[in-house]
Amino acid sequence: MYSDEAMKHLSSIGTVVYLQVSLKELENRLGGLYERGVVMKDGIGMSLNALYEERIPLYEKYAEVTIDIDGLSVRDAARQLVDKLSMR
43 MYSDEAMKHL SSIGTVVYLQ VSLKELENRL GGLYERGVVM KDGIGMSLNA LYEERIPLYE
103 KYAEVTIDID GLSVRDAARQ LVDKLSMR
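Numbering (our numbering), first residue to last: 43 to 130.
Below, the structure written as structure tokens:
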């Protein structure tokens with residue numbers, strides 16, 4: 043997501059969840075960006091760090107639920123998400 047408009051649209055159709063993760067953890071989890079289908083605004087020339095720095099403010103601004111997933115397994119992250127959503 044690259045714009046306020048896109049984030050507003052997501053907010054209008056559901057709950058925006060921000061899975062907060064450090065850049066280092068993200069690099070470890072993602073592996074190959076292009077094989078994963080990660081969209082880079084400036085194409086191949088954009089670094090993951092630049093993408094991360096650009097998107098974080100939007101995620102923080104629009105998130106209704108935030109979960110810090112650094113070091114969590116997928117199962118534990120999902121459990122935290124279910125817990126937070128059930129409290130809403």
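Heads up, the beta-carbon is just placed ideally off N, CA and C, and yes, glycines get one too.
For residue i: DSSP bridge partner residues
| i | result |
| --- | --- |
| V59 | V107 |
Anticipated Cβ contact below 8 Å, residue i with residue j, distance rounded
| i | j | result |
| --- | --- | --- |
| I111 | V59 | About 11 Å; that fails the 8 Å criterion. |
| L68 | Y104 | In fact, because the Cβ distance is near 19 Å, the residues do not count as touching under 8 Å. |
| T57 | L123 | Wrong, their Cβ atoms sit about 10 Å apart, outside the cutoff. |
Where the alpha helix (DSSP H) containing residue i begins and where it ends
| i | result |
| --- | --- |
| L68 | L65 to L72 |
| R121 | V116 to S128 |
Inter-residue Cα distance where the pair is residue i and residue j
| i | j | result |
| --- | --- | --- |
| R130 | I98 | 23 Å |
| L114 | E47 | 31 Å |
| L52 | E106 | 11 Å |
| L61 | I109 | 5 Å |
| E96 | S45 | 10 Å |
| A120 | G73 | 21 Å |
| Y101 | R71 | 19 Å |
| D125 | V116 | 14 Å |
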